[in-house]
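Notes follow the structure.
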Amino acid sequence: MIIIASQNEGKVREVAALPAASGLDLSPISAFGACPDVVEDGTTCEENAVIKAVKYSLWLKREHGVSAPVIAEDSGLMVFSLMGWPGVHSARIAETDVERNWMVLDKLSGKRDRSAQFLAYTALAVNGVLVDSWRGSVTGAIAEEPRGNNGFGYDPIFIDLRSGRTFAELSKQEKNELSHRNQAWTQAFDYLKLHQSIVR
Ligand code: IMP
């Protein structure tokens, strides 16, 4: 069993649908009941992914006697002309996805450089010990206004440069083929496939 340490249902759905997840016995952390909130006080997405993987795997061991590998992810949107903002703060700049998207659009108003990047880090921990972490990234551009209904978060304002469509206008499969999340999780899953003894 492999534990997906995320309370974000959009992320859990995307991860479970990845080609690299096929055939793996995945379980969301929510299957173990209410788990403590982990304070994400790292200064980078990588640090926050590590904090979550280590703390959740320690909690699983202590509270449930479970030594299964735990993978956590932290991700964010980096807008180049805003010095990487919202970055590690992507989930917290406003209350709702719609408000967060408009905040980014307002800050970009009048700026010519609309290039941006989605970044994702996964971290793997067992019994409270960090095993490794991996990075995924995809470069695109911020749209003039939100478009599309698929996906979650900043997908309606993030344009895929090849198709010109926002991530929210892509199908789930099309987004998975490109996404930062796919890259970061595929590396974590491939690691576990090579190191079967960790997966109990
Ligand atoms: P966290 O990793 O749970 O702290 O949240 C990352 C934040 O970045 C969330 O607000 C997401 O909405 C946003 N984000 C991360 N990945 C994506 C994505 O694939 N599409 C849209 N927004 C994303």
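Number 158 in our numbering belongs to position 158 of the sequence shown; there are no gaps in the numbering. Glycine is no exception: its CB is placed at the ideal position from the N, C-alpha and C atoms.
In the structure shown, what three-state DSSP assignment does Gln-196 receive? Within the sequence shown, the letter at position 196 stands for residue 196. If DSSP states are grouped into helix, strand and coil, Gln-196 belongs with the helices.
Quickly, what does DSSP pair Met-78 with across the bridge? List them, please. By 1-based counting over the sequence shown, the position of residue 78 is 78. DSSP lists Pro-86, Gln-117 as partners of Met-78.
Start-to-end residues for the alpha helix (DSSP H) that takes in Gly-10: Working through the sequence shown from its first residue, we reach residue 10 at position 10. From DSSP, the alpha helix (DSSP H) with Gly-10 extends over 9-16.
State buried or exposed for Asn-176, treating a residue as buried only when at least 16 other CB atoms are found within 10 Å of its CB. Here residue 176 corresponds to residue number 176 of the sequence shown, with the count starting at 1. Flag for Asn-176 reads buried.
Contact test: Tyr-154 Cβ vs ligand 1 heavy atom, cutoff 7 Å: Taking the first residue of the sequence shown as position 1, residue 154 is located at position 154. Yes, the Cβ of Tyr-154 comes within 7 Å of a heavy atom of ligand 1.
Would you tell me roughly how many angstroms separate the C-alpha atoms of Arg-135 and Val-129, rounded to the nearest one? Looking up residue 135 in the sequence shown gives position 135. Looking up residue 129 in the sequence shown gives position 129. Taking the straight line from one Cα to the other gives about 19 Å.
Close Cβ partners of Gly-148 (< 6 Å) along its chain, the five nearest in sequence each way excluded: In the sequence shown, the residue the question calls residue 148 occupies position 148. Same-chain partners within the cutoff: Pro-156, Thr-166, Ala-168, Glu-169.
On the DSSP bridge assignment, give the partners of Pro-69 in chain order. The residue you call residue 69 lines up with position 69 of the sequence shown. According to DSSP, which records beta bridges pairwise, Pro-69 is partnered with nothing at all.
Decide yes or no for the touch test of the segment 182-193 against the segment 131-145: beta carbon pairs closer than 8 Å, at least 3 of them. yes
Buried or exposed by the 16-neighbour rule on C-beta atoms within 10 Å, applied to Leu-161: Your numbering for residue 161 matches position 161 in the sequence shown. Label assigned to Leu-161: exposed.
Any idea what DSSP makes of Ala-29, helix, strand or coil? Numbered from its first residue, the sequence shown carries residue 29 at position 29. The identity of residue 29 in the sequence shown is Ile, whereas the question assumes Ala. Ile-29 falls in the helix class under three-state DSSP.
For Val-98, count neighbouring C-beta atoms within 10 Å of its own C-beta (all shown protein chains included) and say buried if the count is 16 or more, exposed if not. Here residue 98 refers to the residue found at position 98 of the sequence shown. Per the 10 Å Cβ criterion, exposed.
Within 10 angstroms of the Cβ of Val-88, are there 16 or more other Cβ atoms? Answer buried if so, exposed if not. Working through the sequence shown from its first residue, we reach residue 88 at position 88. It counts as buried.
DSSP three-state label for Asp-160, please. The residue you call residue 160 lines up with position 160 of the sequence shown. Residue state, collapsed to three classes: strand.
CB contact flag (Ala-143, Ala-72, <8 Å): Counted from its first residue, the sequence shown places residue 143 at position 143. Counted from its first residue, the sequence shown places residue 72 at position 72. No.
Here's the rule I'm using: 16 or more other beta-carbon atoms within 10 Å means buried, otherwise exposed. How should Glu-9 be labelled? For this step, residue 9 is matched to residue 9 along the sequence shown. It is exposed - the Cβ of Glu-9 has fewer than 16 other Cβ atoms within 10 Å.
To the nearest angstrom, report how far apart Gly-153 and Trp-102 are at their CA atoms. Here residue 153 is taken as the residue at index 153 of the sequence shown, counted from 1. Here residue 102 is taken as the residue at index 102 of the sequence shown, counted from 1. Near 11 Å, if we compare the C-alpha coordinates of Trp-102 and Gly-153.
Within the segment 95-140, note down every full alpha helix (DSSP H) run reaching 4 residues or more, in order along the chain. 97-108
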